[in-house]
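In terms of UniProt numbering, the first sequence opens at residue 1 and continues consecutively.
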Amino acid sequence: MDEQPRLMHSHGVGMAGHPGLAQHMQDGTAGTDGEGRKQDIGDILQQIMTITDQSLDEAQARKHALNCHRMKPALFNVLCEIKEKTVLSIRGAQEEEPPDPQLMRLDNMLLAEGVAGPEKGGGSAAAAAAAAATGGVGADNSAEHSDYRAKLSQIRQIYHTELEKYEQACNEFTTHVMNLLREQSRTRPISPKEIERMVNIIHRKFSSIQMQLKQSTCEAVMILRSRFLDARRKRRNFNKQATEVLNEYFYSHLSNPYPSEEAKEELAKKCAITVSQVSNWFGNKRIRYKKNISKFQEEANMYAARTAVNATSVSAHGSQANSPSTPNSAGSAGSFNMSNSGDLFMSVQSLNGDSYQGGQVGANIQSQVDTLRHVISQTGGYSDSLAASQMYSPQGINVRPTNGGWQDAPTPSSVTSPTEGPGSVHSDTSN
DNA sequence: TCCAATGATTGTGT
DNA sequence: ACACAATCATTGGA
Numbered sequence: 001m002d003e004q005p006r007l008m009h010s011h012g013v014g015m016a017g018h019p020g021l022a023q024h025m026q027d028g029t030a031g032t033d034g035e036g037r038k039q040d041i042g043d044i045l046q047q048i049m050t051i052t053d054q055s056l057d058e059a060q061a062r063k064h065a066l067n068c069h070r071m072k073p074a075l076f077n078v079l080c081e082i083k084e085k086t087v088l089s090i091r092g093a094q095e096e097e098p099p100d101p102q103l104m105r106l107d108n109m110l111l112a113e114g115v116a117g118p119e120k121g122g123g124s125a126a127a128a129a130a131a132a133a134t135g136g137v138g139a140d141n142s143a144e145h146s147d148y149r150a151k152l153s154q155i156r157q158i159y160h161t162e163l164e165k166y167e168q169a170c171n172e173f174t175t176h177v178m179n180l181l182r183e184q185s186r187t188r189p190i191s192p193k194e195i196e197r198m199v200n201i202i203h204r205k206f207s208s209i210q211m212q213l214k215q216s217t218c219e220a221v222m223i224l225r226s227r228f229l230d231a232r233r234k235r236r237n238f239n240k241q242a243t244e245v246l247n248e249y250f251y252s253h254l255s256n257p258y259p260s261e262e263a264k265e266e267l268a269k270k271c272a273i274t275v276s277q278v279s280n281w282f283g284n285k286r287i288r289y290k291k292n293i294s295k296f297q298e299e300a301n302m303y304a305a306r307t308a309v310n311a312t313s314v315s316a317h318g319s320q321a322n323s324p325s326t327p328n329s330a331g332s333a334g335s336f337n338m339s340n341s342g343d344l345f346m347s348v349q350s351l352n353g354d355s356y357q358g359g360q361v362g363a364n365i366q367s368q369v370d371t372l373r374h375v376i377s378q379t380g381g382y383s384d385s386l387a388a389s390q391m392y393s394p395q396g397i398n399v400r401p402t403n404g405g406w407q408d409a410p411t412p413s414s415v416t417s418p419t420e421g422p423g424s425v426h427s428d429t430s431n
């Protein structure tokens, strides 16, 4: 910096002890010719460069004089132009930046999660969407949702408070800097464009802070989501009634415990759970039943007896059994085949694994067959130990609980008929 | 506190 | 897409 005065000296323009600006101002002729103008500019420059070296009063006086000098606007314009063409133009090239994709992602997410955007509904909509995604739409999880919403709105509140703080700080700082620059623009060449640029720089800095805020908010939302909507963490046992409905269906369709889509829907409705929950339940049940049939024997018999009572009472009234086991009853060919007798069914069953598809179509009849089989097994002197051994009894050439299930070796129903002696093949069908 | 039961998820096979 | 099997994570009773 202190080189510049020397530079001036070398040009032989402004010198220490040079007449003050006031004098120049009085000297109107100074600016008329080229030489005079040059000297004039040199003087002004000199004033600018040495202004900090002077005492406060003197500086103030000179500052005032400078501000009032007729050449000042022109000079500042030129200087601004030079600045513009050099440093600022380089910076300007960097300024044109596309919207940050990362920021856009964060914004979108916050919007989708209901943290940003409209106050009402966003959060609950996001919660509902998230719940739907996890398949958990139950009557009992509305409480969970409200809890989720409460936490989400807490995050939202914090986010907005912080955002407001940032914005306020940003505005305050921007105003301060702008005032400062405007003030300074009287004594040094600062164009409005430059001020604007400075404001942009400040905004960018603050927006990067904002991005951090958004990022941490997103993280918080994600954690909240995973904690609240991970169904495994919020597992609730189904209520007794729901379990009974499902078990009833399962044991009354033991030969083919694969509810159709409609059956699942109806079961879901009855149990106030989702279809996917029904699917899960049946998946688990099939596996666990197959793994340890003896354990489920008692349960099987209980439900079989119960269903049998229902079935007989219903048939006594000459109407259709209106249980969840009905949805599959739309079948015609299957029903026809099945409707002949349990004997036919069983023979088909033992000959052809696909017969269970028929069973699925004629679920009504199949249900009755299963049920009756259980009743017979109960009345015929059932014993647990026998049941356990029966699982692997010689009767079951196709009785292999571990071989992959009902579809290709579909005789768990006979497995659940432990009264059949090892020799009494299909004796249960002779009802 | 332990442990069986149970609903849900994940990985794999078809 | 669905079923199975293994597994996880939670619940609830002893």
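By construction, the Cβ of each residue, glycine as well, lies at the ideal position given by its N, Cα and C atoms.
All values derive from a computational prediction rather than experimental measurement.
Inset, instruction - State whether the region 189-202 contacts the region 75-82, with contact taken as three or more CB pairs (one from each stretch) at a distance under 8 Å. - result: yes
Inset, instruction - Measure from the alpha carbon of residue 104 to the alpha carbon of each residue in 220, 207, 64, 73, then state which is nearest. - result: 207
Legend entry - residue 161, buried or exposed, once every other Cβ within 10 Å from all chains shown has been counted against 16: exposed
Legend entry - Cβ pair residue 204, residue 195 closer than 8 Å: no
Legend entry - Limits of the alpha helix (DSSP H) - the one that residue 101 falls within: Segment 101-113, the alpha helix (DSSP H) holding residue 101.
Inset, instruction - Check residue 61 in the structure and name its three-state DSSP category. - result: helix
Legend entry - CA-to-CA distance, residue 238 to residue 213, given in whole angstroms: Straight-line measurement puts the Cα of residue 238 at about 41 Å from the Cα of residue 213.
Legend entry - Sequence-distant residues of its chain with Cβ nearer than 8 Å to residue 110 (five each side left out): Counting only Cβ-Cβ distances below 8 Å, and skipping sequence neighbours, we find 116, 117, 159, 214, 217, 218, 221.
Legend entry - residue 59 to residue 77 span [Cα, whole Å]: 22 Å
Legend entry - Whole-angstrom C-beta distance between residue 309 and residue 271, which should lie under 8 Å: Going by Cβ atoms, the distance from residue 271 to residue 309 rounds to 21 Å, so no, they are not a contact pair.
Legend entry - Same chain only: Cβ atoms within 8 Å of residue 169, ignoring 5 sequence neighbours per side: 206
Legend entry - Counted within 10 angstroms of its Cβ, other Cβ atoms place residue 176 as buried (16 or more) or exposed: exposed
Legend entry - Neighbourhood of residue 242 by C-beta distance below 8 Å, restricted to the same chain and skipping five residues each side: 270, 271, 272, 273
Inset, instruction - Just the C-alpha distance for residue 44 and residue 180, rounded to the nearest angstrom, thanks. - result: 22 Å
Inset, instruction - Excluding the 5 residues preceding and the 5 following residue 72 in the sequence, name in chain order all residues of the same chain whose CB lies nearer than 8 Å to its CB. - result: So the list reads 44, 66, once near-sequence residues are dropped.
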